[in-house]
Amino acid sequence: MSTEEKQHTNSQQHADGQWVDPGLPPHRPRRADVDPKAAKRAERQVAALFGLSILGTIATLTVYFVQDQTEEVASIRLVNILLGISLCFAMLGIGLGAIHWARTLMRDHEMVEERHALRTSDENREIAVQYLKDGAEDSGLTTSRRTLLKGSLITAVALAPLAILVPQIGNMGGDWNVSKLRHTMWAKGTKLARDPDGTPIKAADVTIGSVFHVIPEGLNDLEHGKLEEKAKAVVLLIRMDPRDLNIQPGREDWSFDGIVAYSKICTHVGCPVALYEQQTHHLLCPCHQSTFDVANGAKVIFGPAKRPLPQLPIAVDDEGYIIAQSDFHEPVGPSYWDRLKGTSPSPSASQEADA
Amino acid sequence: MNALARRRYSKSAPVFLVLILLALLTAIGFAANGSPAEASTASADDIAEGQKLFAANCASCHGLDAQGTEGVAPSLIGVGAAAVDFQVGTGRMPAQQSGPQVQEKKPQFDDEQISQLAAYVASLGEGPAIPTDEMVDPTLGDPAVGMELFRTNCAMCHGSIGGGGALTQGKFAPNLWSTSNRHIYEAMLVGPQSMPVFNDANITPENKRNIIAYLDFQQQGSPGGLKLGSIGPVAEGFWGWLVALGLIIASTIYVGARAS
Amino acid sequence: MGAKVNAAAAGTANWVDDRTSIGGFVKFFSRKLFPDHWSFMLGEIALYSFLVLVLTGIFLTAFFVPSMDQVTYEGTFETMHGVVMSKAFESTLVTSFQVPGGMLIRQMHHWSALLFTAAIVTHMARVFFTGAFRKPREINWLIGFTLMIMSLAAGFTGYSLPDDVLSGNGLRIIDGVTKSIPIVGTYISYWLFGGEFPGEALIPRMFTAHILLVPGIILALIGVHLFLVFLHKHTQYPGGGRKNTNVVGLPLFPVYTAKAGGFFFVVFGIVALVAGLFTINPVWNYGPYDPSPVSAGTQPDWYILFIDGALRMMPGWIAGHPTEWVIAGYTLSWNILIPAVILPGIFFTFLALYPWIEAWATGDRGERHVLDRPRNVPVRTGIGVALISFYVILVIEGSNDIIANLFHLSLNDITKVTRIGIFALPIISFLITRRICFGLQRKDRELVLHGHETGRIVRHEHGEYIEVHEPLSDQEVWLRVSYDDLAPLEIADEFNARGVRRKGYGWDRFKQRLSRFYYEQRIQPVSPAEYAEAQHHAHH
C-alpha cells in the first residue's frame, strides 16, 4: 500500500465515541487504464486466448473425423486423451479470454447501490390484508352457516389425491408378496453346483482349505427370476480340518468331514460375504466388514452384523454329489420386521444360535 | 522315499533310472519348447541338495522331516513342488516370523536352489506340480471367461483387477500386477497362507489359464486414461476434490484477484 | 455496419417489449451489482458443473438403454466379448468403447458429478461460516439444503444406471437398509424394486428419476435460489464503505457476464481435461451386476460415503449386548437404523434448521447483509468445524479398507479408533476452533492498538531500544473493529408483579441459555477510547 493511502486521521475515528466508516478505499487504476500500450497488449492477449479456443475446436473436430477407434484399450485411450485435451483448449480459451478481458479492460471502478428493505410497506400490507378479507366475504364463506361447505370442500380435496396415488403406488410393488423372502430355491435333494457354470460338485472335489462358490443346480435354467433366486440362494461351501470345526448343537448332521455350507448373503444388509481367510477360518464381508467365524457356526465376531449366517444342511447322495437336505431353516439375508414371524421353511428343533 | 522302499533296489539303480528318465524328458522338453524341471523329473542330486537347503533354512520351523511344528509352521508333506516354488520363489519363505500374513520379499534363493528345494519337498509326498509354460501362457487363455471366474472367486480379496485388498486384523491380499504367471497359477492351486485352495476340480487348469489371461490383459492399462491406482470411488473422490475442485478454486482466485 | 446492427437490435427490443414489458426486467437485472470475491463463486462452480452434467447427460441419453433385459455383448473388447449382460450395461460399454468421444463424455459426466457435489458442500460451508444464512436468507438456505439432498439423489441414481457389480451391490445395501425399517420395510423394498431384489423395474425407474424428476426439481430450485439472490442482492464482506444498507460491487452487464460467463467455460474446460486424462468408474472392470460377486474396495461415490462409514462403524454387539432386538417376535435392527436412518436424519435436520437455532440465540436483529469474519463468531465457527470433523470421520471409516491396505494398518483397529473419534473429535475440534478464534480476535485487537511490527529497531537518545510499529490504516482498523459485539439475550422477569409465572418463560429461558453458550465468552472490539489511549502511550 502506498503511503498516501495510509491516512491516520484520528479525528475521524473518534466522532461521538463511535467508530466512523472510512468509506470506500481509493480506486487504484490498472496499467491498462493509464497506459494505452498496456491496454493494447491486454487486448492482444485476450484475442490470443480466443484464438487458442478456435484452435482447440479445430483440433477437436480434426481428431473426431480422423480417428479410427477400435475396441483395443490403447486405441480408446488415445482418442479419449486427444479429444479431452483439445476440448479443454476450446473451452478454456473462451473462458480465460473473457475473464482476462473483464479483469484488465472492463470497468473495475466499484459502484454503490442502496438496499431497500424487503418488507412491503405497512400501508401495502394493510391493503393486501383488506383484499383478502374482501375476497373471503365475496366467497360467501364468512358466515357461520357455511361450515358444511368448508368441511365438505376440505374432505373432498384431501381425499381426491388418493384416487391417483393409491393405484400409482400400488402398481409399483409387483405382486407385493413379501412372504417370498422366507424361501429360497434350495430343497431336499437339490445338488450344490459351481457358480457360475452350474456343474454339480462332488464331495471328493472339496479338499481341505477349499472354498467353492455355489448355486443350486437348475438355477441357470430358469427362464424368469434367475437373478432374484440367485440373490437368495448363493452359498459358500468350505472345507476345513474336521478337528477345527465346532459343530453347533442340533446341527450334527448338517455337515460332514469338515465340509460346511453357509449362505453367502450377509445378515447385515445383504452384500455377498466372500472373503474367506483359510487359516483363521474367518469370513469377512467387504462392504461393512462384518466378520463371521465359520469354525463356530458363522457367528459374528466383529462388525455391524448381529446374526450368524444361516447354515444350509448338506449331505452326500449315492453318486457322491453334495446335496441340500432342505431349504435354510430361517430366511436368508438382512433382517426385517416380521422375519421371525410366520412359518419358517423347514421347522426344526435347531433355531438360529444367537443371544 | 521311505526306508522300506529304498531297500528294494540296489543303491545305484535309482540314480541310473532317474538319469535315463531325465535324458528322455529333456529331449521331449526341447522338442516341445519345454519348461523348467518338474518335480517328477528331478534328479536325486537335486533332491539331496534340496534336503541340505531345507535342513539349513526351513527345518527350524517346519521340522527336519517337514512334519511341521504346532502353532508355528504347517507340515509340508504333500504340499508339492508348486507350493515351494511359490513360497520360496516370491520370497515369502523363509519367513521372518510365523503368522497368517507372510509378506512377499526379495527371494533368498536363486532359481536352481528353488527347484532343488521343490524337488525335495515333492519327494516327501505327492502334491501339486509346478505348471508348465504352456499351462500359464496368457495368449492361450480367454480373458472374458477368466474375468467371470476372477470376479466370482478372486475379486473380493484381490480387487476387481487384482490391485489388492484388505483382510481382517492387518492382513491383506496382495496386488497381483507384478506377480509372475507361474506364481499366480501356483497360488490358486496351493492356497498359500490366508488364501483358500482352488484345486483343479474347483478351477480347472484351463480356467486357471483363463484367469491368468485376464490379469495379463489388465497390464494394458485402462482405456479411460490414468488408473488412479484402480482403488475405486474413494480415490476418484479424493482426486476429484484435490485436482478438479482444486484447479477450479485456483481459477476463482484468479478471477477475483485485482489485475495489476 | 455498426449503425445498422444497432437499429436492428433496437427494433427487435421494442418488438419484444411491446409484448412482454421486458424493459423493466432489463432495467432490474442488467446493472445489478455483485461484490467481487472469489469465495462468492463457489456456488457458480456448482451451477456450471450442473450445466455440464445436463449437456453431457443429453449426449449420453442418445446411447443409453435403460433396460434390464439380458443380451450378449457383440463388441470385440476382450474381457467383455460374449458376456451376458443387461442392455443397460451393454449400452454403457457401447457408449464408452464404440462411440468416438463417448468415453470422454461419459467420464466428463461422472467427474462433473463429483465436482457438483463437492462444490455444493464447499459453497454451503462458505455460507455457513460467513453467516450468509441469516435474515432474510433463511429460505434460500433451505432451498440450498434441498438442492444438496437432490444432488445426492441425482448422483446415486446416476451411477447405479450402468447396472454393474459395484453399484449393484450399493443397491443391495439400500435394499437391506430399506427392509430394516420397522413394519413397512419389506413393502417399501417391494415398491422400490417392483418385487423381489433385483427385479426388472429398477433401472428404468431410476432412469426416469435421474433424467426427469430429479433434474426438474433441481432446475426449478436453482431458479428460485438465483432469483432470491438477485432479490436480496448479494451479501458483502465487511470493509470501508460497505454497510448493511448498501451493496458495493461491479455490474452484471458487462463485468459479471464476462467473468461468470467465462468461468462456465473454464469449468467445462477443466472437466474435459480431467476426463481426458483420468479413468473414472471403469464398469468394464466390475462386470455386469450379479448377486454373487463383490470386489475389495466396495464403496459408493464420495458423497454417499458418509452413510457407508456410519454403517461400518456401528457395532452389531456392544459388550455382549446385541444392537438388533427381538421384541415380541418382531425384529428391530438398531444396528442399521441408527447409522443409516436416524443419524443422517438428525445431522441433516440440524443443518437445515441451523438459521433458526442461531436466531433463537441471537434474537431478531433485522436484515443482515454484511458477512461475518469467521473469527468473530467463534461458537458458530466451532460448530461448523465440529460438523465437518464428524462428517470427515464417517468418510474415513467408509474408506477403512482402502486406508488399511494403503498404509498397512488393521481395518479393525481403524474402526475401533473411529468409534471413539466420532464422539471425541467433534467436541475436541469445537473447543480448539473456538479457542483459535479467540486467539485471532485478540491478535486483531493487538494489531489495532499497537500496529504492525516492522522489524526496525530504533535506539532513543536515552538508550532505550524500541521496535517501530507501523499504525494500521483506516481501512485496516475499520475491518477489525466493525463487527457486532453481541451480548447474551436479556429476557423479561420470570414472575410478573403479582408473582405469577408468565407464559412463555420456559421457552425464553431456553433461548437465553443458548444465547449464553454463543455469546457469553467473547472478545470485544477495540473501542475508540482504548484506541486513543494506545495512541497516547505510543507517543512517549
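Sequence lines, in order, name chains A, B and C.
Per this note's numbering, residue 4 is the first one in the first sequence, and the count goes up by one each step.
Per this note's numbering, residue 488 is the first one in the second sequence, and the count goes up by one each step.
Per this note's numbering, residue -14 is the first one in the third sequence, and the count goes up by one each step.
C-beta atoms are modelled at their ideal positions from N, C-alpha and C, and glycine is treated no differently.
In three-state terms, what does DSSP make of residue i?
| i | result |
| --- | --- |
| Q133 of chain A | helix |
| Y339 of chain A | coil |
| L189 of chain A | A quick correction: the sequence has Trp, not Leu, at residue 189 of chain A. W189 of chain A: coil per DSSP, three-state reduction. |
| V84 of chain C | coil |
| D533 of chain B | helix |
| V240 of chain C | helix |
| T270 of chain A | coil |
| H210 of chain C | helix |
| W664 of chain B | coil |
| G712 of chain B | strand |
| G439 of chain C | Before going further, note that residue 439 of chain C is Thr rather than Gly in the sequence given. T439 of chain C: strand per DSSP, three-state reduction. |
Apply the 10 Å Cβ neighbour rule to residue i and answer buried if 16 or more other Cβ atoms are within range, or exposed otherwise.
| i | result |
| --- | --- |
| K40 of chain A | exposed |
| G154 of chain A | exposed |
| W664 of chain B | exposed |
| Q506 of chain C | exposed |
| S738 of chain B | buried |
| G201 of chain C | exposed |
| Y175 of chain C | buried |
| G345 of chain A | exposed |
| Q509 of chain C | exposed |
| P245 of chain A | exposed |
| H306 of chain C | exposed |
| W310 of chain C | exposed |
Could you check the C-alpha separation between residue i and residue j for me, to the nearest Å?
| i | j | result |
| --- | --- | --- |
| E46 of chain A | W96 of chain C | 34 angstroms |
| V566 of chain B | S602 of chain B | 14 angstroms |
| L108 of chain A | A(-7) of chain C | 27 angstroms |
| Q10 of chain A | P513 of chain C | For Q10 of chain A, the predicted model reports a pLDDT of 47, less than 50, meaning its position is unreliable; a value from the coordinates is still stated below. Their Cα atoms are separated by approximately 16 angstroms. |
| Y339 of chain C | G348 of chain C | 14 angstroms |
| V321 of chain C | W269 of chain C | It should be pointed out that residue 321 of chain C corresponds to Ile in this sequence rather than to Val. When rounded, the distance between both Cα atoms is 31 angstroms. |
| R44 of chain A | V37 of chain A | 13 angstroms |
| Q520 of chain C | P236 of chain C | 40 angstroms |
| L700 of chain B | R669 of chain B | Reading off the sequence, residue 700 of chain B comes out as Ala, not Leu. When rounded, the distance between both Cα atoms is 12 angstroms. |
| V56 of chain C | N266 of chain C | 22 angstroms |
| E343 of chain C | V68 of chain C | 57 angstroms |
Tell whether a beta-carbon distance below 8 angstroms holds between residue i and residue j.
| i | j | result |
| --- | --- | --- |
| T210 of chain A | N694 of chain B | no |
| S338 of chain A | S24 of chain C | no |
| L563 of chain B | L627 of chain B | no |
| F53 of chain A | G96 of chain A | yes |
| D247 of chain A | A308 of chain A | no |
| Q281 of chain A | G743 of chain B | no |
| P275 of chain A | S277 of chain C | yes |
| L715 of chain B | F250 of chain C | no |
| G215 of chain C | L146 of chain C | As written in the sequence, residue 215 of chain C is Phe, which differs from the Gly given in the question. Their beta carbons are not under 8 angstroms apart, which means F215 of chain C does not touch L146 of chain C by this criterion. |
| T187 of chain A | F331 of chain A | yes |
| L85 of chain A | V66 of chain A | yes |
| R118 of chain A | H354 of chain C | yes |
| M88 of chain C | I79 of chain A | yes |
| I317 of chain A | I304 of chain A | no |
| S52 of chain C | P189 of chain C | yes |
| E75 of chain A | F182 of chain C | no |
| L732 of chain B | L100 of chain C | yes |
Residue i CB to nearest chain C CB: under 8 angstroms?
| i | result |
| --- | --- |
| C545 of chain B | no |
| T666 of chain B | no |
| R696 of chain B | no |
| S747 of chain B | no |
Output yes if chain A places a C-beta closer than 8 angstroms to the C-beta of residue i; else output no.
| i | result |
| --- | --- |
| E635 of chain B | yes |
| T639 of chain B | yes |
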